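When you line the sequence shown up against mature numbering (1 follows the signal peptide of the UniProt record, and there is no 0), it's residues -31 to -1, 1 to 1220, in that order. Positions of the beta carbon are idealized from the N, C-alpha and C atoms, including for glycine. What you are looking at is a predicted structure, and each value in this text was computed from that prediction instead of being measured. Presented below is the structure to which this report refers.
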Amino acid sequence: MRDFQTQNCVTWQTLTFWSISLAALSWSASAVEDTRVPLKISFLTSAGDSKGSKTFAGAFFSALDFVNQNKSLLPGYRLECLFNDTDRNSLNAINAMTSHYGNEILAFIGPDESCLCESTVAAAWNLPMIGYKCHDSKSWSEEDIQTRRTFATTQPSTAKVSKSILAILQYHQWNRVTLVVGASSIWNETAQSLRTLMKDHNIRLLDAIYFPEPYASGEEMYHIVEKSYRVTRIYVFLGDHHGLIDFSRLLKAHVKDRISEYVVIAVDERMYTEDPHSYLLKTPFESKDDLNTYQVQSFETVLLLVPRPPLNDDWDHFLDDVRRRNTEPPINGFAQVYKGSAIKVPIYAAFLYDAVHTYALALHETLTSGGDMRNGTALIAHIRNTTYTSILGYDVYIDRQGDAEGNYTLLTFDVHQPDSQVELLQVGNFRMTQGGVGIPELNLFRDIKWRNGGPPRDEPTCGFHGEKCKHKSPLWTILSVVIAITVIVGITAGFGVRHYMYEQKLARLLWKVDFKDIAPLVQSVDENLLPPNMKKRKRSKSHPFKFIFSHDNESERTTLLGEEVKRDSSFSSARAQRCLIGYYKGTVVSIKHIARRHVEIDRDLKKQLQLRKELNHDNVARFIGACVESPHVYILTQFCQRGSLQDILNNEDFSLDDMFVSSLVSDLIKGMTFIHDSEIHYHGNLKTSNCLVDARWVLMVTDFGLHRLGNGRASSSPDPQNYYETIVWHAPEVLRGTSRESVGTQKADVYAFALILYALLGRKGPWGDTEYSSKEIIELLRSESSSIRPDMASLACESYISDCIRDCWAEDPDMRPTFKDIRVKLKPMLQGIKSNILDNMLYMMERYSNNLESLVADRTELLFEEKKMTENLLLRMLPRFVAERLKKGEPVVPEVYDSVSIYFSDIVGFTALSAESTPMEVVCMLNDLYTCFDAIVENFDVYKIETIGDAYFVVSGLPLRNDDLHAGEIASMSLRMLQEIKRFKIRHRPNDTLKLRIGLHSGPCVAGVVGLKMPRYTLFGDTVNTASRMESTGVPLKIHCSETITCLLRKLGGYQLTERGLVNAKGKGEMLTFFLEGEDESHRQRRISHSRLSGKITPNGDLNPAGEIFGAPIIHPRYWTNGFTNSSCDLSPVFPNYNHNIPIIENCDSPEDNVFDKSFNAHDAPSPPSQKGMQRSGSTQHPHALNSTCNSKLQDLLTGNQSAKRPTRLGRQISDSVDGQQNSEPLNKITLGLLHRNLSVPSYMIAEDSV
C-alpha cells in the first residue's frame, strides 16, 4: 500500500462557511501548482458521535489520495471533496446535498445509516450515489430499485448470504430445513430470500420460527428448541449472535449426546476474528475461563458464515493509516490508541474505500469512452454487473441492482476431547459463478470434522417418528438377537486373544538387555564407524565398563570432527549428557546412564519400553533396549556418527548453508510429526542435544517416551547451573507447572522446536546473545507477567520463517501451530530439498567434504604461520646455525674465535635517573632507547649478545667470521649510536639528555650456548673483561678504544682516533687507550664493496680462501646512492679488470615485476640487513627482499641455478673479464630507486663516479 497523504478537504456547514472555505481551497491548490482539472465529489457521513463514522471515515481520504496519486487513473483530473456531517439525519443529508449540488459536484459518497430518500434526490438530479453503510437499501422493492437508478453500494447485503446458505444445503444434500429467524428487517429479508431460493431448488421448509429482536431472554429460545428438535435435524439460524449462543446451548441440553445428529447453519455479520471465544461468549463481561465443557461442546455442530477475512498483505498498514486520518480534520475522531490497544476499525472502512475507488474506475471508463461525466445513469451502468478488486484483497461482484454480493467464509468449531479446548477452523469459501448469476459453489479446502465420521442426515433413517421402518416378525427379531450376540462374543473373544498376545509380548521383555552383553569396542569393529577420538581409546585391557561407563574428563566433549573442546560456551556445557559408546551384539550403540539405583518394572513401564521398541521411523533414533539390572540402569539407542545437533552448532569451523538447515529442519518436522501421531503423543524434552545426526546427515530425534525411567528429565543436582541450562528449552507452562502433562505436551514440543530453529539460524544458542543467565531466564519464564523471548532482530531470515518462530513460541499454547501446520508455513524453506533421498544425501556429503577441505587448508595455513613465527622468535634469541642445530636435536659445541670486536656501553647517571623516576617510566625509557639501538644494529655486521639494565653488549666477527672487518663494523656502529643518543628524547623528562659511555676492544674469545631452559648464546674470555674495562673507564659521550682495536682500525683506514694516554684498568694495570672521534663513511663503503667483489667475502659472508669470484651478490637498493643514477657510471672500481661487456638483464615477465627504471616502496621490498644478514643467514644467496619474478631472474643469473649445478652466464662472463677476455655483449646499468629514503641507516653503494 502506498504512503498515504492527508487530503485537503473543504468543510461544508453553511453557505457562509462554504464561501470562505472555497476561497481557501483555491489558494491552496494554486500554492502547489497542480494543473489538473479538479472534480468535486460530496462526502456525506455522520462523524459527530461515537456511533457514527469516527472510527473509519479516514478511509475516504486514503482512497482519495490513492486515486489522485495514480497517474494512470483519471489522467489530467484530480478529485476534491466537499464534506458534511449529517449526524445520521436524513433532513441534514438532503440539505447538504442541495448545497453541494449548487457547487457542481459530480457524485455523492454516502450517506451512512439511511439512503432511501437521499438516493431518490440523487436520481432526480441524475447524479451517482454510492453507499457504504446503508442499511435500509436491503429492504427496497423492485420499484424502489428502478426509481433509484443512479444508486449502488459496496456494502454486501445480508440478504445476499442466502445464496451461500443454499450452496451449503445443496453440497451436503440437506433437503429438509427449519428456519429460526430474528424479527428485525435485516433477517426477515434474508429469510424471505432464502425461502424463495429453497422453493426454487426443491428444498422443503419444515418450519419457520421467529423470535423478537433485540434479543433479551432465553425463555423464547427454549420454546423454539422444545417445539422443533424432535421434527428436524438441520437448522438455519438467522439472528443476533447472542440468540445463537442460547439456541446452541439449549439444543445441546435437549439432545445431549445426540448433538452430532444435528447441524446449525448460522450467519454472523461481524468482522472475522481468529479467537473462537468471541463467538462463544454471550456478554462482554464473560471470559473464556467462564466457559464449561457443556457450553463449548454445544458449538461443535455449528457451521458459521462470516465475511471473508482480508487477504491484503497491507491490511494492517491500511488500518493504521485510517486510524491516523481519523484524528485529523475534518473527522477529528478518536485517538489511534486507547488504553494501550489500537482503536478497532470496523469493516465499513473497506466499504468506504471501495466506494471511492469504484467511482473513480467508473468515471475513468466514462471519460475514456467519451461519455458525460455528469450522467449518473451512464456512470452507474459501468458499476453494475461488474466485478472489482476490494481493498480486502479479493474480488467482489456488484449485481444488476447495484448491490455487492459479498464474499463469505465457512467456519467450524473443532472441540478437542476430552479437555474441550476449542479451535476455530476455516474450512471453505464460495466460488461465484460466471457473471455472478445463480448459486455460488461451496469450495471446501479442509474437511469438516464430523463426530460420526460424516455429515448428519436431514432425516432419521426410520423418519422422525419411526414411520418409515416396518415391524419385523419375532423370528427375525430372535435371529437378529442371536447374530448380535454372536458378533459381540466374537469381538470380545478377539479382544481377549489380542490382550493375551499383548501380555505375552510384554512378558517376553523383548527390549531387555543383559548387562554382560554390553562390551567395549574391539579391534574387529570398523573404525570408520567411530569419531577419531574413540579410535584412539577403543581398546581397554581392564573391566569393559572402565572405558564405556567412565565419567572422567567430563569437561570435554567430542565435536563433529572428533576434536576435544572445552564445554564453556553458554547453553552448551550442560545441555546434553555425555554420550557413552558401547558394543552390543555386533553393533556400535549409544548408551545413556540413568542415575537410579533401583527400577521397579511394573506393567506401565513394560508398556512404555515395548511401545518405544516398536516405534520405527527414518527420523527417530532406533531404540535398541534397556538394561535395568540395578544398580546398572542404561538405555541403548542407535549410534549416530555425526553427534548431536548441538555438537554441529557448537563447531564454529563447520558451515551450515541453507540446504543443510532446510534438510535438518525437514527431518526434525517429520520426526516430531511421527511422534505426535504415535501413541507416545509428545516428546517432552526436545532440544538440540536430543537431535542426532547419522553418517548420511539424516537428523534423528531421541531421548523420549521413557518418562518412567527418567529419560528426558532434567536432574536438579549436582550442578544447579547445568540444571537451568537443561530446562531452558522447556515451555513457560511446563516450567510453571500449569500444563496438563507434568512431563510435557505437544504444544511444549512446538515451543522447543522454535528455539531449535532459532539456534539453527543464529548459531548462538536458543536465546542468542542475551544478557540474562539461564537461571534468570527460567525465573522470567515462570513469571506469568513476563513474556520474554529471544531477540529476533539479530536473526537474518525470511519473514515467513520469523513469523513461524513467533507463532511457535506464542504465550498461549493453544495459539501455537501443530507440526503439520509448521510444515505448511515453512514450505518455501523446504522447497530446495531434493526429492530423491540419494541425491539429497550425496549433496550433503559433498558439502561436508568441501567444508572439511576448506577447514584442513585453513588449519594448514595457520600451522605454517605459527611455525614461521616460532622460527622467527628463535632466530631473534640465537644465531641461525645455533638454532638449526638445536631444532635438529644436535649439541652446540663452543667455538673459539681468534679475533672479534666487542662493544660495551653504559648510561651515565642511570642510577640517579632511576631513583627520580617511577619503575614504569624507567621501563618505557629503556624500551625506547634499546629499540633505537636495535634499529641501528640491524644495519651493521654485528650480533647483539644481551642487555643488562642500562648496559648494552654487542660483538662483531662472530658467529660468522669476517676477517678484520669486525673492528670497522663495531666502530661505525658506535659512532652511529653516539650520534643517535645525542638526539634521543626522554618521554617523561624531555629537557634531559642521556650520556652514553662506550668501550671497544678486539681479541680472541669463546662463544657457546649456556643452559637448557631459556638457553643463552654468550661470550667468554679475557677480551670480554677488557672491553668492559674500556667502558667503565671511559668518558661520557666518548668512544673509548683499546690499543688492539685501534691498530685494526688504522689498518682498515678511514677512522679518526686521538690518543687518550695511559689508563689504569682494574685487573689490567695501565693500558694505552684512544678515543674514536669519527670516520670517512665513503672509505668504509668502498672497503665493503671491494671486499665483496674481490672474493674476500662470499655471498655467504665467509672468507674465500682461494680468492675465486663466486658471483656478485645482489645489492639491495638501500645500499645504492644517487651517484649510481649517472648513465655513464663506471663499474671499473667494482669489477677490477672488467671489460664492461656484462649483458643487460631485461624482459621480466610483467610490468610489476620489472625492476628497470622503477622505484620501490617498503611494502614491495622491505629493507633487509646487510652484512649481518649475509653472515648469519647460512644460505647460498645474499639476503634480499625483491619479491618478484625479475628478482628471481637476477639472482639466478648472478649466483647460478642450484638445480643446474653449473656456473651462470653472468658468472662465466665475470670470470672471463678477470682473465682479460673480451665479450661482444655490452653492459648497461640497472637503475633502481631508493627503497627507503627516510631510513636511519647509511647509504651504501656499488659504485660512484668518485671511485
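Outcome for L448 when other beta-carbon atoms lying within 10 angstroms are tallied against a minimum of 16: Exposed, because fewer than 16 other Cβ atoms sit within 10 Å of the Cβ of L448.
Check whether L668 and L625 have beta carbons under 8 Å apart: A distance of 8 Å or more separates the beta carbons of L668 and L625.
Through-space distance from I696 to G653, alpha-carbon basis: Straight across, the Cα-Cα distance linking G653 with I696 is about 11 Å.
For R202, the three-state DSSP class (helix, strand or coil): Secondary structure of R202 (DSSP, three-state): coil.
Three-way DSSP call (helix, strand, coil) for D867 in this model: It is a strand residue.
Opening and closing residue of the alpha helix (DSSP H) in which T1015 lies: Looking at the DSSP string, the run of the alpha helix (DSSP H) that includes T1015 is E1012 to L1021.
N-terminal and C-terminal residue of the beta strand (DSSP E) that E363 is part of: Checking the displayed sequence, the identity of residue 363 turns out to be Tyr instead of Glu. Y363 -> no beta strand (DSSP E), and no H or E assigned at all.
Nearest neighbour of D3, chosen from N37, F30 and T335 [CA to CA]: Scanning N37, F30 and T335 for the CA closest to the CA of D3 turns up N37.
The region 81 to 94 contacting the region 43 to 50, beta-carbon criterion three pairs below 8 Å: Too few Cβ pairs lie closer than 8 Å, so no.
Exposure of R751, with buried meaning 16 or more beta-carbon neighbours within 10 Å: Exposed is the call here.
CB contact flag (A904, F873, <8 Å): The answer is no: Cβ separation not under 8 Å.
Extent of the continuous beta strand (DSSP E) to which R705 belongs: Looking at the DSSP string, R705 is not in any beta strand (DSSP E); the run it does join, the alpha helix (DSSP H), is P701 to R705.
Within the region 88 to 171, ranges of the alpha helix (DSSP H) (whole runs, at least 4 residues): For the region 88 to 171, whole alpha helix (DSSP H) runs of length 4 or above, ordered along the chain, are 111 to 116, 130 to 140 and 154 to 169.
Proximity below 8 Å, CB of S197 to CB of D176: Yes, Cβ-Cβ distance for S197 and D176 is below 8 Å.
Distance between S756 and T24 (C-alpha atoms, nearest Å): Annotation: T24 to S756 spans about 31 Å, alpha carbon to alpha carbon.
Contact set for Y769: own chain, Cβ-Cβ below 7 Å, skip 5 residues either direction: Counting only Cβ-Cβ distances below 7 Å, and skipping sequence neighbours, we find K794 and P797.
Where H326 sits in the DSSP three-state scheme: Helix, per DSSP.
Test item: CB-CB of L675 and L578 under 8 Å: The beta carbons of L675 and L578 sit closer together than 8 Å.
Among T829, E830, L1041 and Q264, the one whose alpha carbon lies nearest that of F382: Minimum Cα-Cα distance from F382 among the listed residues T829, E830, L1041 and Q264 corresponds to Q264.
Buried versus exposed call for V719 [16 or more other C-beta atoms within 10 Å across all chains shown]: With at least 16 other beta carbons inside 10 angstroms of its own, V719 counts as buried.
Y1024 burial status per 10 Å Cβ neighbour count (16 or more: buried): Around the CB of Y1024, 16 or more other CB atoms lie within 10 Å, so the residue is classed as buried.
Whole-number beta carbon distance between S133 and L33, since they are thought to touch under 8 Å: Their Cβ separation, rounded to whole angstroms, is 33 Å, which puts L33 and S133 out of contact at 8 Å.
Minimum length 3: unbroken beta strand (DSSP E) runs contained in the region 234 to 283: Counting whole runs of 3 or more residues, the region 234 to 283 contains the beta strand (DSSP E) stretches 271 to 276.
Beta strand (DSSP E) runs wholly inside the region 572 to 624, at least 3 long, in chain order: For the region 572 to 624, whole beta strand (DSSP E) runs of length 3 or above, ordered along the chain, are 592 to 598 and 601 to 607.
Classification of I615 by the beta-carbon crowding that lies within 10 angstroms, buried from 16 upward: In the sequence under discussion, the amino acid at residue 615 is Gln, which differs from the Ile named in the question. Counting every other CB atom within 10 Å of its CB across the protein chains shown gives Q615 a total of 16 or more, marking it as buried.
Assumed close pair F77, L13 - CB separation to whole angstroms, cut-off 8 Å: Yes, they are in contact, since the Cβ atoms of F77 and L13 sit about 6 Å apart, within 8 Å.
C431, buried or exposed, once every other Cβ within 10 Å from all chains shown has been counted against 16: Under this definition C431 is an exposed residue.
Pick from P298, D910, L981 and R199 that is closest to H434, judged by C-alpha positions: The residue with the shortest Cα to Cα distance from H434 is R199.
Uninterrupted beta strand (DSSP E) stretches inside the region 961 to 1015 (no shorter than 3 residues): List check, beta strand (DSSP E) in window: 965 to 979, 985 to 989 and 1007 to 1011.
Residue burial classification, residue 1221 (beta-carbon count within 10 angstroms, cutoff 16): As displayed, the chain neither begins before -31 nor continues past 1220, which places residue 1221 out of reach and without an answer.
At least three beta-carbon pairs within less than 8 Å, the region 231 to 247 to the region 176 to 195: Output reads no: the region 176 to 195 does not touch the region 231 to 247.
Other residues of its chain near L288: CB distance less than 6 Å, five sequence neighbours each side excluded: Within the same chain, L288 has close Cβ partners V314.
Distance between beta carbons of V861 and V851, contact taken as under 8 Å: 5 Å between Cβ atoms; contact.
Given 8 Å, three or more beta-carbon pairs between the region 963 to 971 and the region 993 to 1008: Taking a cut-off of 8 Å on C-beta distances, the region 963 to 971 touches the region 993 to 1008, as three or more cross pairs fall below it.
Backbone CA spacing between Y986 and V978 [nearest angstrom]: Distance between the alpha carbons of Y986 and V978 is about 4 Å.
Burial state of Y469, where buried means 16 or more other Cβ atoms lie within 10 Å: That one is exposed.
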